[in-house]
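Residue numbering for the sequence shown follows UniProt numbering, beginning at 1 and increasing consecutively. Glycine included, C-beta positions come from ideal geometry on N, C-alpha and C. Remember, predicted model here, so these are calculated numbers, not experimental data. Heads up: the structure comes next, in structure tokens.
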Amino acid sequence: NIPFLLHIRARLRGRGMMALMTSGGRLGVSRVWLSALTVAAPRRLIASAAVRLDFGVASLPDPSKKRGEDAHIVSRGSATRAWAAVFDGVGGWSRHGIDPSRYSRKLARIVDVELHRQAAAGELRLRDALHAAATTNAEVGSCTACLAAVDTQTSLITTLNVGDSAVWVLRQLGGAATGSTGSGGGGGEERGPVFSLVHRSKVQQHAFNTPYQLGTQSRDSAADAELGVFAGRAGDVIVLASDGLFDNLSEADVRLLVSEREGKPAQHIADTLAYVAQRFSFDPHRQSPFELEAARHGIDFKGGKVDDTTVVVLRLLPDGPAADGERAL
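Pasting the structure below:
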């Protein structure tokens, strides 16, 4: 069964109305606190089982650069609140003699401080934290931002995205994984449970390869971010990544790689996703998602797209002690 999915697209404008997105269409509702909204939502939105988190991080810079321009955070602010985020520095600033990584890394630090402050007060508001960080970051530059928070007491997942990084939630829904990404093993045989994509953030772009971004001289802000609330459960795998992953791996690729590694530590999954994405980015003959998207815009581009690739993986597991190889969050 496809789980109930609730998307909140809140723009703090006008009279403070927000659009509540469901599979049935759009409904305008008065602005309320997120906690009140989730309580008022259908019961199936709220997961009741407590979970523990296993995390992994892999960050591979573009080999042509002196240093990577992505930044990330993985943190826990209280017994029940944890979060992760990926920030992709916009490389164009380097043409003006500016290190793009300075903005993304400073933004990551401020967001983390803001979320810790909120968690200490017994709340967590991703949009407010991102807004505070973007309006106080004194570095010159810009970046995309993708955040996810997990309430480990209820398994509720909250996501926030600006730009073309993304957060995906994959869930084991039965069946068996088949095929091969060339990452090991033959093709066509069954390999175990299939993970399906049950939640994904929306890519935000003004034009092809021109993502929404926060920072110097940008018209975009945290108010433009897509906010999502999703009922997680033990066994779910959350993948946050910069576009270096999604430009080179299709949904089918990601699902297969995660399915092949069912039960493996999150660090193993993150390492595999980043490694395969970067390897594919060097292949001029492999038809990449970026090539397909370029063709849809009338642009002739062949092969993979070389870029920084940062991947954060969170595994939701039944509450209990961590197993060998896990990095408890």
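Counted within 10 angstroms of its Cβ, other Cβ atoms place residue i as buried (16 or more) or exposed
{"i": "leucine 292", "result": "exposed"}
{"i": "serine 288", "result": "buried"}
{"i": "phenylalanine 290", "result": "buried"}
{"i": "glycine 215", "result": "buried"}
{"i": "alanine 120", "result": "exposed"}
{"i": "arginine 81", "result": "buried"}
{"i": "alanine 49", "result": "exposed"}
{"i": "aspartate 300", "result": "exposed"}
{"i": "alanine 222", "result": "buried"}
Residues near residue i by beta carbon distance below 6 Å, same chain, minus five either side
{"i": "threonine 309", "result": "Leu60, Gly244, Leu245, Ala274, Ala277, Gln278"}
{"i": "tryptophan 93", "result": "Pro100, Gly141"}
{"i": "arginine 315", "result": "Asp54, Val237, Ala266"}
{"i": "arginine 13", "result": "Any reading at arginine 13 must be qualified, since the residue scores a pLDDT of 34, below 50, and its modelled position is unreliable; the value itself is stated next. Answer for arginine 13: no residue qualifies."}
Whole-angstrom distance between residue j and residue i, CA atom to CA atom
{"i": "serine 155", "j": "aspartate 319", "result": "10 Å"}
{"i": "phenylalanine 208", "j": "glycine 298", "result": "10 Å"}
{"i": "glutamate 190", "j": "histidine 131", "result": "Here glutamate 190 scores only 47 on pLDDT, less than 50, and its place in the model is too uncertain to base an answer on."}
{"i": "phenylalanine 55", "j": "lysine 106", "result": "22 Å"}
{"i": "proline 211", "j": "glutamate 251", "result": "20 Å"}
{"i": "isoleucine 98", "j": "arginine 233", "result": "43 Å"}
{"i": "aspartate 164", "j": "serine 218", "result": "15 Å"}
{"i": "alanine 328", "j": "alanine 295", "result": "42 Å"}
{"i": "alanine 108", "j": "arginine 117", "result": "14 Å"}
{"i": "threonine 272", "j": "leucine 257", "result": "8 Å"}
{"i": "serine 104", "j": "valine 203", "result": "19 Å"}
{"i": "aspartate 324", "j": "leucine 124", "result": "30 Å"}
{"i": "residue 330", "j": "aspartate 62", "result": "Not covered by the structure: residue 330. The range shown for the chain is 1 to 329."}
{"i": "glycine 122", "j": "glutamate 262", "result": "34 Å"}
N-terminal and C-terminal residue of the beta strand (DSSP E) that residue i is part of
{"i": "leucine 329", "result": "From DSSP, leucine 329 is part of no beta strand (DSSP E); its letter is neither H nor E."}
{"i": "leucine 245", "result": "Here leucine 245 belongs to no beta strand (DSSP E); instead the alpha helix (DSSP H) covers 243-246."}
{"i": "valine 51", "result": "51-60"}
{"i": "alanine 207", "result": "205-207"}
{"i": "serine 75", "result": "70-76"}
{"i": "isoleucine 157", "result": "156-162"}
Best match in the options for proximity to residue i [C-alpha to C-alpha]
{"i": "arginine 95", "options": "Lys65, Arg117, Glu114, Ala85", "result": "Lys65"}
{"i": "glycine 77", "options": "Arg67, Ala234, Val113, Asp62", "result": "Val113"}
{"i": "threonine 159", "options": "Trp168, Gln153, Thr152", "result": "Trp168"}
{"i": "valine 229", "options": "Asp70, Ala148, Ala84, Arg81", "result": "Ala148"}
{"i": "isoleucine 73", "options": "Pro63, Val57, Arg67", "result": "Val57"}
{"i": "serine 75", "options": "Arg67, Ala134, Ala225, Thr152", "result": "Thr152"}
{"i": "valine 198", "options": "Leu173, Pro63, Gln205", "result": "Leu173"}
{"i": "leucine 115", "options": "Phe87, Ala133, Tyr103, Arg102", "result": "Ala133"}
{"i": "glutamate 326", "options": "Val311, Phe301, Ile269", "result": "Ile269"}
Opening and closing residue of the alpha helix (DSSP H) in which residue i lies
{"i": "isoleucine 299", "result": "From DSSP, isoleucine 299 is part of no alpha helix (DSSP H); its letter is neither H nor E."}
Sequence-distant residues of the same chain with beta carbon closer than 8 Å to residue i, five excluded per side
{"i": "threonine 136", "result": "Ile110"}
{"i": "glutamine 213", "result": "Val90, Ser142, Cys143, Thr144, Val162, Gly163, Asp220"}
{"i": "arginine 286", "result": "Phe280, Gly303, Gly304"}
Cut-off 7 Å between Cβ atoms - residues of its own chain near residue i, not counting five sequence neighbours on either side
{"i": "lysine 305", "result": "Asp247, Asn248, Ser281, Ser288, Phe290"}
{"i": "alanine 129", "result": "Val111, Glu114, Leu115, Gln118"}
{"i": "cysteine 146", "result": "Ala85, Val86, Asn161, Ser165, Ala166, Val167, Ser201, Leu240"}
{"i": "alanine 225", "result": "Arg127, Leu130, Leu160, Asn161, Val162"}
Any chain E beta carbon closer than 7 Å to residue i
{"i": "arginine 286", "result": "Absent from the structure is chain E; it holds one protein chain and no more."}
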